[in-house]
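Quick look at the structure:
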């Protein structure tokens, strides 16, 4: 039977899911992303004509455009159902142009979750394309194109081919480098602690030195520690001077936004931002569960923590039925009203009754873990507060005061579904003022202040969000670009700038200070949001920026000196032509290359031997290598003759249980030796 209505979405998965909800009169197809964009070979912006963009059909998408036009001509009406954000609105706008649709027609359909009820309801209320959203996306795209296509060729010319600069990318790089400078300039300061263990009867508890004569005292030197220890008589009793008991309330966090999801997925699941967004997209677009396909979560690109009244009521019913009414948060009770379709909800499960365990068999391991995180965070956000009983005990002898802190979870509340490792009881024995306690152990320890930690993905995303730089949907591609350009590398899962990154940042700070300035970048993001809210004209925002930027660009072109990144001598000769080998910087880091390039194109990977023979061939040496994603792995030096490879480091010994090779395994608890085949393991001392 012929269709009457054509529905166009971005992805085939989304098309497949929605197609099952609509009747036979609908045909659902995918555009597979953008079909029209600025040209790659040139800027494509008419700077002299009010920043008019020159859009072209994307190379390789001609057949898709032709097919969509053919399908559209057969339909009575075309609906554009791309994602409910600026990017989705722009895709719909470009599709409308390519298919010659009436721009005034109400053919735009948006839904925040891909479920049967939401999709059917959305098709009852189509609207016109929101030009303010389109203009905001267009201004952002044009602004990034002007910055990238103006500065990148300059960096190619003055520093090295293949370099790039971007509006958010350059600011993010500066943040990473500024942190590195603080680490380099950091001067550690000595301080001491005096931890103590006390006994009351058979019970032991821990305390920490607090002060002398009732005043908190910081210990900076060993002499100060010695003065404190001289006051103490460890053979005699200490006494409980003061007991303070309180009830502490901890509120649940709001449901996830894009940024907080990326942070928690990094911290709890060890997911990179790109992986988080990829898996979340799968959960949103549709998963087949017991022969039915539907989206498991709401749209995953959002800055909002708002929850619709319908979702709140669903959560309230679920919590009451499964945990009891006492677990329902008082602040989350709402009347049975229905809310309008809203594209700016928080990230939540589309159906809270689909618990992670109930659908585990239908999900991949990564899908299950991320869905479980989203589900638990949402349910917890609608639950009651956690309540702790806390106790603070001051222990004193000869005016030297120690302090012990204890806590006990009195009521779990939201922790029942969303606990963390810190949510544990820390019991103290029953203590009363005047009680005598004995010292079990006192062991003063020397410490030194530590420099600020390098950013990991979670802390960097949090910083970008706090500073208002970029938008959550841009974080993953921005961080990936910095890695791909070798401006940063990952050391122990933390960002560390490379020499190349520091050179590029130095030039950017010198000639384009606004581009790398956090406040300027955040202000520009605010201006782009103002366009979306119809409070600013997009051409005016671009013009105000370009008036200053053009002057900086002209100055840089005239004054920026060429920087030669000198190759380091490798210390050995090329095996093909005999010329000296050098160390060059490439897309994936440093590598060996012949100095006689381009006449000789011999290259070698820089490898690091770990002093262990290959456990497979027994001849080659195990060497440390890096993957294209900069992850360390271990392989045989005789590759490809020997194909041994391992993500974990072999240690050169065999398992006493099964005789397979042993590996060094890292975990949050530290390092451990494990067998590569059986369950044998041993702790690494120190």
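In the UniProt record's numbering, the protein residues as written are 1 to 686. Ideal Cβ positions, reconstructed from N, Cα and C, are used throughout, including at glycine. Fair warning: this is a prediction, and the values are worked out from it, not measured in the lab.
Find out if the Cβ-Cβ distance for the pair residue i, residue j is shorter than 9 Å.
i, j, result
"residue 73", "residue 251", "no"
"residue 392", "residue 245", "yes"
"residue 163", "residue 283", "no"
"residue 49", "residue 543", "no"
"residue 414", "residue 255", "no"
"residue 594", "residue 582", "yes"
"residue 253", "residue 388", "no"
"residue 660", "residue 681", "no"
"residue 212", "residue 231", "yes"
"residue 188", "residue 448", "yes"
"residue 493", "residue 263", "no"
Which value, in whole angstroms, describes the spacing of the CA atoms of residue i and residue j?
i, j, result
"residue 12", "residue 464", "32 Å"
"residue 657", "residue 651", "16 Å"
"residue 571", "residue 175", "35 Å"
"residue 621", "residue 613", "5 Å"
"residue 468", "residue 514", "15 Å"
"residue 25", "residue 4", "5 Å"
"residue 673", "residue 456", "26 Å"
"residue 533", "residue 527", "10 Å"
"residue 361", "residue 665", "29 Å"
"residue 157", "residue 504", "12 Å"
"residue 605", "residue 498", "18 Å"
"residue 285", "residue 476", "19 Å"
"residue 197", "residue 169", "50 Å"
"residue 496", "residue 183", "11 Å"
"residue 208", "residue 394", "10 Å"
"residue 471", "residue 35", "23 Å"
"residue 537", "residue 529", "11 Å"
"residue 275", "residue 438", "53 Å"
"residue 257", "residue 346", "6 Å"
"residue 615", "residue 563", "46 Å"
"residue 329", "residue 323", "12 Å"
"residue 104", "residue 128", "6 Å"
What first and last residue would you give for the beta strand (DSSP E) that runs through residue i?
i, result
"residue 496", "494 to 497"
"residue 394", "386 to 397"
"residue 650", "649 to 654"
"residue 680", "Careful: residue 680 lies outside any beta strand (DSSP E) and carries neither H nor E."
"residue 583", "580 to 586"
"residue 569", "568 to 573"
"residue 211", "203 to 212"
"residue 458", "That residue, residue 458, is in no beta strand (DSSP E); its alpha helix (DSSP H) goes 457 to 467."
"residue 180", "Unbroken run through residue 180 is the alpha helix (DSSP H), 167 to 185; no beta strand (DSSP E)."
"residue 26", "26 to 30"
"residue 687", "Past the edges of the chain, shown from 1 to 686, lies residue 687, and the structure says nothing about it."
Where does residue i land, buried or exposed, given buried means 16+ other C-beta within 10 angstroms?
i, result
"residue 490", "buried"
"residue 554", "exposed"
"residue 337", "Residue confidence for residue 337 is low, a pLDDT of 35 falling below 50, so the modelled location carries little weight and cannot support an answer."
"residue 234", "exposed"
"residue 292", "exposed"
"residue 266", "buried"
"residue 111", "buried"
"residue 367", "buried"
"residue 340", "Note that residue 340 scores 32 on pLDDT, short of 50, meaning its location in the model is unreliable and no value can be drawn from it."
"residue 177", "buried"
"residue 647", "exposed"
"residue 335", "Unreliable placement is indicated for residue 335, whose pLDDT of 35 sits below 50; the coordinate value is still reported in the next sentence. When all chains shown are included, residue 335 counts as exposed."
"residue 249", "exposed"
"residue 1", "Because residue 1 sits at a pLDDT of 49, beneath the cut-off of 50, its placement in the model cannot be relied upon, and the following sentence gives the value as read from the coordinates. With fewer than 16 Cβ atoms within 10 Å of its Cβ, residue 1 is classed as exposed."
"residue 166", "buried"
Can you pull the DSSP bridge partners for residue i?
i, result
"residue 426", "407"
"residue 603", "593"
"residue 298", "113"
"residue 193", "445"
"residue 119", "Per DSSP, none; premise fails for residue 119."
"residue 142", "In the DSSP output, where bridge partners are listed per residue, residue 142 has none listed."
"residue 80", "8 and 108"
"residue 665", "672"
Over the uninterrupted alpha helix (DSSP H) stretch that includes residue i, give me the two end residues.
i, result
"residue 634", "Careful: residue 634 lies outside any alpha helix (DSSP H), inside the beta strand (DSSP E) at 632 to 636."
"residue 108", "Per DSSP, residue 108 belongs to no alpha helix (DSSP H) and is neither H nor E."
"residue 8", "Where residue 8 is concerned, there is no enclosing alpha helix (DSSP H), although the beta strand (DSSP E) it sits in stretches over 5 to 9."
"residue 319", "309 to 322"
"residue 94", "86 to 98"
"residue 368", "365 to 381"
For chain C, is any of its Cβ atoms less than 9 Å away from the one on residue i?
i, result
"residue 358", "Here chain C cannot be found, since the structure has a single protein chain."
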